[in-house]
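Residue 0 is where the sequence shown starts when you use numbering that gives the first Met the number 0, and the numbers rise one by one after that. For each residue, glycine too, the CB sits at the ideal point set by N, CA and C. Input: a single structure, listed below in structure tokens.
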Amino acid sequence: MFDEACEHSPTGHIITDPEDLLGRRYRRGNSESVRHLSVRVRVAEEEIKKYRLQNEVLKKTVAKMTKELCDKQCEIESLRKAFEQQVDDLQHQLSKKERELPYLHSVSTFERLTEGWDRPVSVCWNLYELLLLKLLQDKISKLETVMSLLQGNAGLFKTYEPPFSFLDEPKQETVNAEAQTDDWMLRFVQKSINAAVAGPNVVVKPLAANESTNFERCEKLTEEIAKLENEKFFLITQLKLTRNKLENFELQEAQKMSLENRLVILTEMNECLVKENERIKELAASKMAGDSGTMEEKRKIIDLTLKCQAKVDELQVELDWKSQKLQEQLQINRILSTNLENVEEQLNAGDCEVVNVIENGAEILKRYENEVNELKKKLAQYNELPDPSVKILHMKMNPLQTAHQEYKEFQAKKKRKL
0 MFDEACEHSP TGHIITDPED LLGRRYRRGN SESVRHLSVR VRVAEEEIKK YRLQNEVLKK
60 TVAKMTKELC DKQCEIESLR KAFEQQVDDL QHQLSKKERE LPYLHSVSTF ERLTEGWDRP
120 VSVCWNLYEL LLLKLLQDKI SKLETVMSLL QGNAGLFKTY EPPFSFLDEP KQETVNAEAQ
180 TDDWMLRFVQ KSINAAVAGP NVVVKPLAAN ESTNFERCEK LTEEIAKLEN EKFFLITQLK
240 LTRNKLENFE LQEAQKMSLE NRLVILTEMN ECLVKENERI KELAASKMAG DSGTMEEKRK
300 IIDLTLKCQA KVDELQVELD WKSQKLQEQL QINRILSTNL ENVEEQLNAG DCEVVNVIEN
360 GAEILKRYEN EVNELKKKLA QYNELPDPSV KILHMKMNPL QTAHQEYKEF QAKKKRKL
């Protein structure tokens, strides 16, 4: 039984011969074999987690599709009720027209017996009545077919092609034939009216009143036919929309079935992976060297080994992360040390420049001090003169200003000569 389950392993970690996988290598003290086994167990656990997440997602999707399915069923039920109401209304109209039909036949018979010239008008009136009744009967039969189709779809969730063709666009030949028929009927009515007007001069007043009544009825029938045509167009549009909704509903139903099948497959794979993980642990416990300890103790040892391995992996990841941070910090420190060296070099160069400036300033100060001392000596010589006849001469004009004025006059004379 174990071999049969291993042959259908979904991951392929367990082969037909377990001795090839769990042989003498898996002994106590062989760290490589235990690590290899722990890696396989961890891989199986990760796959179990992944399939569990997929299982949850598929459950949510199935619930959503079920809700949409219920909404579509409610819409179909509402459309079915609306169509039933329209069928009842049309049947009521048909019964009303059928009750009026004997009266119209009696009126036409009376007209044929009394006056022969008014017969075309009566024939036209009867033709319109028959045409209207036929149109109502066709409409009711089509709506009953649609209702039967909707009732069948509500139970089987399938899309059927309707047995009638008015859902499609009408052919050009049919449209032309109907237009020609309508034109012929209008011309026939007009000719009949003209013939009635151009008939004998002896006209009885009740016949004229009957003629006006017939005209009014013809107008009412024309309006009613137009109204029924509008209702027919509206119903055709509603049926097209219903067919599109049914097609979308069928597509969603197929998607739902596909998701349910996928959910079943993933659930089975998840169960197989869980069983496989348990078998791997049992085989590892059974292949451990030594007879000391029970199977539960061996399983505890394997679980502890897996936990330690997981902890080691976590510490290794943390160590790698901290090593990376340390490398980044070292790189930042190298950049900062390089910048510090550059700043120190610039500072030393600035100190040298400051020393040179200070030395130059000291030399200039010394030179000025020497000049001041010389001037003081000369001033002392002038102060020591005993003759009081020495006077200070004050010039009226500055020689520089005089020279500048003479230069301006020379330039003005030169311009005048030119």
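Helix or strand or just coil, what does DSSP make of residue i?
| i | result |
| --- | --- |
| residue 397 | coil |
| residue 213 | helix |
| residue 117 | Low confidence applies to residue 117: its pLDDT is 42, below 50, so where it sits in the model is not reliable, and the reading given next is rough at best. Here residue 117 sits in coil by DSSP. |
| residue 253 | helix |
Using a Cβ-Cβ cut-off of 7 Å (strictly less than) and excluding sequence neighbours within five positions of residue i, which residues of its own chain qualify?
| i | result |
| --- | --- |
| residue 42 | none |
| residue 411 | none |
| residue 356 | none |
Between the options, which has its C-alpha nearest residue i's C-alpha?
| i | options | result |
| --- | --- | --- |
| residue 427 | 229, 364, 236, 301 | Outside the modelled stretch of the chain, which goes from 0 to 417, sits residue 427, for which no answer is possible. |
| residue 90 | 60, 140, 59 | 140 |
| residue 228 | 213, 311, 137 | 137 |
| residue 235 | 306, 85, 402 | 85 |
| residue 48 | 270, 349, 324 | 270 |
| residue 230 | 88, 349, 370, 358 | 88 |
Assuming residue i and residue j make a contact with CB atoms under 8 Å, what is their CB distance in whole Å?
| i | j | result |
| --- | --- | --- |
| residue 298 | residue 280 | 6 Å |
| residue 237 | residue 68 | With 8 Å as the limit, residue 237 and residue 68 do not qualify as a contact, their Cβ atoms being about 21 Å apart. |
| residue 268 | residue 50 | 6 Å |
| residue 71 | residue 248 | 5 Å |
| residue 272 | residue 46 | 6 Å |
| residue 276 | residue 44 | 6 Å |
So, for residue i: in the same chain, excluding its five sequence neighbours on each side, which residues have a beta-carbon less than 8 Å away from its beta-carbon?
| i | result |
| --- | --- |
| residue 74 | 244 |
| residue 346 | none |
| residue 404 | none |
| residue 61 | 255, 258, 259, 262 |
| residue 65 | 255 |
| residue 334 | none |
Which residues in the same chain have their Cβ closer than 6 Å to the Cβ of residue i, if we skip the five residues on either side of it in sequence?
| i | result |
| --- | --- |
| residue 413 | none |
| query | Does the stretch 70-81 come close enough to the stretch 231-247 to have 3 or more Cβ pairs within less than 8 Å? | reply | yes
| field | Cβ pair count under 8 Å reaching 3, the stretch 259-267 against the stretch 43-62 | value | yes
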